[in-house]
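Peer 1: Just so you know, the sequence shown maps onto residues 1 to 453 in the UniProt record's numbering.
One structure is given below, represented as structure tokens, and several questions about it will come after.
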Amino acid sequence: MSLTNASPEAAAQEAKAASFTLSSLPASSRNAALEAIHAALAAAKDDILAANARDLHLARQAASNGSLSEALLSRLDLAKKGKWEDMLKGILDVRHLDDPVGKVQMRTKLDDDFLLERVSCPIGVLLIIFEARPEVIANIASLAIKSGNAAILKGGKESTESFVAISKVISSALDKTDVPNGAIQLVTTRDAIAQLLAQDRHIDLVIPRGSNELVRYIKESTKIPVLGHADGLCAIYLTATADPQKAITAIVDAKTSYPAACNSVETLLVQDSALDTSFPGVAAALAARGVTLRCDPPSKAALSAASSPEAAAVTGSVQDATDADFHTEFLSLTVAVKTVSGLDEAIAHINTHGSHHTDSILTADAADAERFMNQVDSAGVYWNSSTRVADGMRYGFGTEVGISTNKIHARGPVGLEGLTIYKYKVRADYQATAAYGDGPGKRPWKHEAMSID
């Protein structure tokens, strides 16, 4: 990794050149680089966390005067319980995954001594633009190197100290490996984003990590394909047949375990027949953890009418919902609550108001669950699960570059496979197309599917 002050065009050109070398390195060399990164970061923990603490000090001042959101502040803290350990574990998890490069996906016999194969290969050069999230550098570096891609990283000013500290450690580690120095670059030049987004000759894919404003700006400002999502407007549909206690566990986890995450639930849809059964207990459990419930009239009335201790516990935590609440990614301890008549209305609401990220149904009815998962148009559709499961590490991908709601080659949490495409290889014996076709003297195409084992 190089910490570069080069112009965006020069950085992109260097990354493109390095990508050709990196893509041809054997898996053993790429794995050795990941081991070196892991060891170097582990040894430099104190220095990196000290740099992160300096970023946090300035970020808290910015948050106090309103110039930085609380969501970004939360994402910046690398010392948060488990975050450092998860970052290091993710590097080793990626190292131990199968090599995604060079996998034969299809093999067809076109004719005798005439073989067609589709084989996985790296995308080329990735541009990752991110806010806060200092762990992104380690995540992206490990995924990019393992998948044979070069990467250019541009972080936000709120985490400069952290990025510089991590980058120097990774750069020093890579100097002792076969990975070319220009394969992973951190651009420090101010106001470089617009120029980087113009490098469509050298950069193959942009991956934004940050606010919906950042993602929307990037999508509107480049010719380069963009992989990502602008919003994480996730919903859970609570049905009347859901197990009341298990529903509390799933919903509380989805809202409170990390409210600033893009897979945190923002909308709770409640079947009308569950308003006076399981819903009051869910509402009380959320309120006990500091969650504000923005309720539509039926759900608010149900809580007001209920005489149970659980219902009384929500006093002071209920507000009137507005139409805008059902389009809002709160990224905080707030959830919008809407009453629906049944499955059809729940599906229609999610497909109309959601962000196609991750949505869940809590129900004992298997047929309803399957219909929900088939008809909801989201990257992740769950049955009886917290939406927080939407994560590359939890899926077994090692780590992720982000979550995509696009309908392109990668969707949902994007790990190694999402950073590869494919090429077609033909092995022949000087055949020419003129010899094939219908009619006298022509040879037919065999098109025989062959085993890829």
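Note that CB positions come from ideal geometry on N, CA and C, so glycine has one too.
Just so you know, these numbers come straight off a predicted model, no measurement behind them.
With Ala250 as the anchor, note down where its alpha helix (DSSP H) starts and where it stops.
Peer 2: Segment Pro244 to Thr256, the alpha helix (DSSP H) holding Ala250.
Peer 1: Applying the 10 Å Cβ sphere with the 16-neighbour rule, what's the burial state of Lys442?
Peer 2: By the neighbour-count rule (16 or more Cβ atoms within 10 Å), Lys442 is not buried but exposed.
Peer 1: So, is Ser142 buried or exposed, given that buried needs 16 or more other C-beta atoms within 10 angstroms?
Peer 2: Flag for Ser142 reads buried.
Peer 1: Output needed for Pro180: all residues of its chain with C-beta closer than 6 angstroms, excluding positions within five of it in sequence on either side, in chain order.
Peer 2: Cβ neighbours of Pro180 beyond the five flanking positions: Ala18 and Thr21.
Peer 1: Measuring alpha carbon to alpha carbon, tell me which residue in Thr315, Val187, Gly342 and Ser304 is nearest Ala274.
Peer 2: Out of Thr315, Val187, Gly342 and Ser304, Gly342 has the C-alpha closest to the C-alpha of Ala274.
Peer 1: Closest to Ala198 by CA distance: which of Glu266, Pro26 and Ile218 is it?
Peer 2: Measuring from the Cα of Ala198, the nearest candidate turns out to be Ile218.
Peer 1: Below 8 angstroms between beta carbons: does that hold for Leu110 and Trp445?
Peer 2: Yes, the pair counts as a contact, with Cβ atoms nearer than the cut-off.
Peer 1: To the nearest whole angstrom, what separates the beta carbons of Ile207 and Gly228, a pair I think is in contact under 8 angstroms?
Peer 2: With a Cβ gap of about 6 angstroms, Ile207 and Gly228 count as contacting.
Peer 1: What does a CB cutoff of less than 8 angstroms around Asn154 pick up in its chain, not counting 5 residues either side in sequence?
Peer 2: It should be noted that the sequence gives Lys, not Asn, for residue 154. If we look at Lys154 and ignore the five residues flanking it on each side, its Cβ neighbours are Leu127, Ile128, Ile129, Phe130, Leu186, Val187, Ala192, Ile193 and Leu196.
Peer 1: Whole angstroms is fine: what's the gap from Ala235's alpha carbon to Val270's?
Peer 2: Those two C-alpha atoms are separated by around 10 angstroms.
Peer 1: Quick one: what does DSSP say Met106 is sitting in, helix, strand or coil?
Peer 2: Three-state result, Met106: strand.
Peer 1: Start and end of the beta strand (DSSP E) containing Pro208?
Peer 2: Note, Pro208: beta strand (DSSP E), Leu205 to Arg209.
Peer 1: So what does Ile129 bridge to, in DSSP terms?
Peer 2: Paired residues: Lys154 and Pro208.
Peer 1: When the Cα atoms are used, what is the spatial distance from Gly66 to Phe330?
Peer 2: Rounded to whole angstroms, Gly66 to Phe330 spans 16 angstroms at the Cα level.
Peer 1: Can you round the beta-carbon distance between Asp344 and Ala321 to whole angstroms, since I take them to be within the 8 angstroms contact cut?
Peer 2: Not really, about 21 angstroms apart at Cβ, beyond 8 angstroms.
Peer 1: How far does the alpha helix (DSSP H) with Leu238 in it extend, from its first residue to its last?
Peer 2: That residue, Leu238, is in no alpha helix (DSSP H); its beta strand (DSSP E) goes Cys234 to Leu238.
Peer 1: In the DSSP assignment, the alpha helix (DSSP H) including Pro8 goes from what residue to what residue?
Peer 2: Segment Pro8 to Ser23, the alpha helix (DSSP H) holding Pro8.
Peer 1: Under the three-state reduction of DSSP, which class applies to residue 455: helix, strand or coil?
Peer 2: This structure leaves residue 455 out entirely; the chain is present only between 1 and 453.
Peer 1: Using only the alpha-carbon positions, how far apart do Ala324 and Thr292 sit?
Peer 2: So the two alpha carbons sit approximately 16 angstroms from each other.
Peer 1: In chain order, what residues of the same chain lie with their CB nearer than 8 angstroms to the CB of Ala42, ignoring the 5 residues before and after it?
Peer 2: Around Ala42: Leu88.
Peer 1: I need the DSSP call for Ala62, collapsed to helix, strand or coil.
Peer 2: Helix, per DSSP.
Peer 1: Hey, Ser299 and Val337 are a contact pair by Cβ (cut 8 angstroms); roughly how many whole angstroms apart?
Peer 2: Indeed they touch by this definition, with Cβ atoms about 5 angstroms apart.
Peer 1: When burial is assigned at 16 or more other CB atoms within 10 Å of the CB, is Ser24 buried or exposed?
Peer 2: So Ser24 counts as exposed.
Peer 1: Within the segment 66-120, note down every full alpha helix (DSSP H) run reaching 4 residues or more, in order along the chain.
Peer 2: Listed in chain order, they are 70-76 and 83-96.
Peer 1: Inspect the beta-carbon positions of Ile91 and Ala165 and report whether they are closer than 8 angstroms.
Peer 2: Contact flag unset, no.
Peer 1: Would you grab the beta carbon distance between Ala313 and Ala284 for me? Rounded to a whole angstrom, and I think it's under 8 angstroms.
Peer 2: Correct: roughly 4 angstroms between the Cβ atoms.
Peer 1: For the segment 416-448, which segments carrying the beta strand (DSSP E) assignment without a break, of at least 3 residues, lie completely within its bounds, in sequence order?
Peer 2: Complete beta strand (DSSP E) runs here, min 3: 420-427.
Peer 1: What ranges does the alpha helix (DSSP H) occupy inside the segment 287-338, keeping only unbroken runs of at least 4 residues that lie completely in it?
Peer 2: Listed in chain order, the complete alpha helix (DSSP H) runs (minimum 4 residues) inside the segment 287-338 are 297-305 and 309-312.
Peer 1: Assess, as a yes-or-no matter, whether the segment 405-425 is touched by the segment 238-253 under the definition of 3 or more beta carbon pairs within less than 8 angstroms.
Peer 2: The segment 238-253 is not in contact with the segment 405-425.
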